[in-house]
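Q: Here UniProt numbering is used: the first residue of the sequence shown is 1, the next is one more, and so on. I'd like to ask you about the structure that follows.
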Amino acid sequence: MARIVREATAAGISVSKTDCKDAFILVEPKPQIMQQVDNVADAPPVRAVGQAVASVPSGNIVHDVVVVEDDSDSGSNCNSDNNKPQDAPATLAPGVVTSSTPFSEESNAKIEKAKAALEDATAKVSKAEGKRSQAASSLDSLVAAAKNRRREILDGKIRQNRDQQESLRQQEESLQQQRETLQHQRETLQQDLIKLQEKLTVMAA
Numbered sequence: 001m002a003r004i005v006r007e008a009t010a011a012g013i014s015v016s017k018t019d020c021k022d023a024f025i026l027v028e029p030k031p032q033i034m035q036q037v038d039n040v041a042d043a044p045p046v047r048a049v050g051q052a053v054a055s056v057p058s059g060n061i062v063h064d065v066v067v068v069e070d071d072s073d074s075g076s077n078c079n080s081d082n083n084k085p086q087d088a089p090a091t092l093a094p095g096v097v098t099s100s101t102p103f104s105e106e107s108n109a110k111i112e113k114a115k116a117a118l119e120d121a122t123a124k125v126s127k128a129e130g131k132r133s134q135a136a137s138s139l140d141s142l143v144a145a146a147k148n149r150r151r152e153i154l155d156g157k158i159r160q161n162r163d164q165q166e167s168l169r170q171q172e173e174s175l176q177q178q179r180e181t182l183q184h185q186r187e188t189l190q191q192d193l194i195k196l197q198e199k200l201t202v203m204a205a
């Protein structure tokens with residue numbers, strides 16, 4: 001509890017000791033929210049946690065309620081009817097404390113409206129996240145399809161170039177065979193011409 005008090009004091013929060021030794025009520029010290037207001041709904045939102053075991057002066061803003069077990073031997077017990085103040089509310093809600101007066105219907109309506117607005121905003125955010133995820137997935141699909149198409153085109157061009165090279169090689173081999181055939185025919189014709197000249201020479205003699 002001493003640590004809680006030190007931290008609260010360091011944070012600028014006033015600490016009020018209740019009649020019970022095991023309960024502290026932390027109250028916002030800022031003048032602009034310490035001022036008295038008639039409607040609880042007009043108070044700025046603050047946090048209140050735990051069971052209230054003592055009353056808080058009207059007009060104060062409850063920042064937090066800290067309840068700890070009392071290890072002292074004084075016999076003080078905040079749960080006993082002898083030590084618990086009779087005018088203490090069962091719980092302290094955020095806002096200006098006006099005895100144990102609950103929130104008005106108008107305040108509850110505002111709270112419900114705020115909750116509905118929050119739920120609606122959350123739903124819109126979820127919907128937007130879903131659309132973003134779907135768009136990202138579609139974009140990934142388009143990119144993958146474009147990469148596959150490009151790969152197919154490149155592979156097709158590679159195969160086409162390979163086929164053209166093979167065709168050129170075959171044509172070159174065919175031309176080489178034709179050259180060899182023509183060379184053989186030329187040599188044969190030369191030999192026939194020599195033989196014919198020899199025959200003509202013999203006949204002329």
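Every residue gets a Cβ at the ideal spot worked out from N, C-alpha and C, and that includes glycine. Quantities reported herein were computed from a predicted structural model and do not represent experimental measurements.
1) Suppose you measure from the CA of residue 144 to the CA of residue 137; what does that come to, to the nearest Å?
2) How long is the line joining the alpha carbons of residue 192 and residue 180, rounded to whole angstroms?
3) Quick one: what does DSSP say residue 188 is sitting in, helix, strand or coil?
4) Can you tell me which of the three DSSP states residue 202 falls into?
5) Between the alpha carbons of residue 168 and residue 194, how many angstroms are there, rounded?
6) Please report the straight-line C-alpha distance between residue 178 and residue 164, rounded to a whole angstrom.
A: In this structure, then:
1) CA-CA distance, residue 144 to residue 137, rounds to 10 Å.
2) Distance between the alpha carbons of residue 192 and residue 180 is about 18 Å.
3) Collapsing the DSSP output to three states places residue 188 in a helix.
4) Helix at residue 202.
5) Cα-Cα distance, rounded: 39 Å.
6) For residue 178 and residue 164, the distance between alpha carbons rounds to 21 Å.
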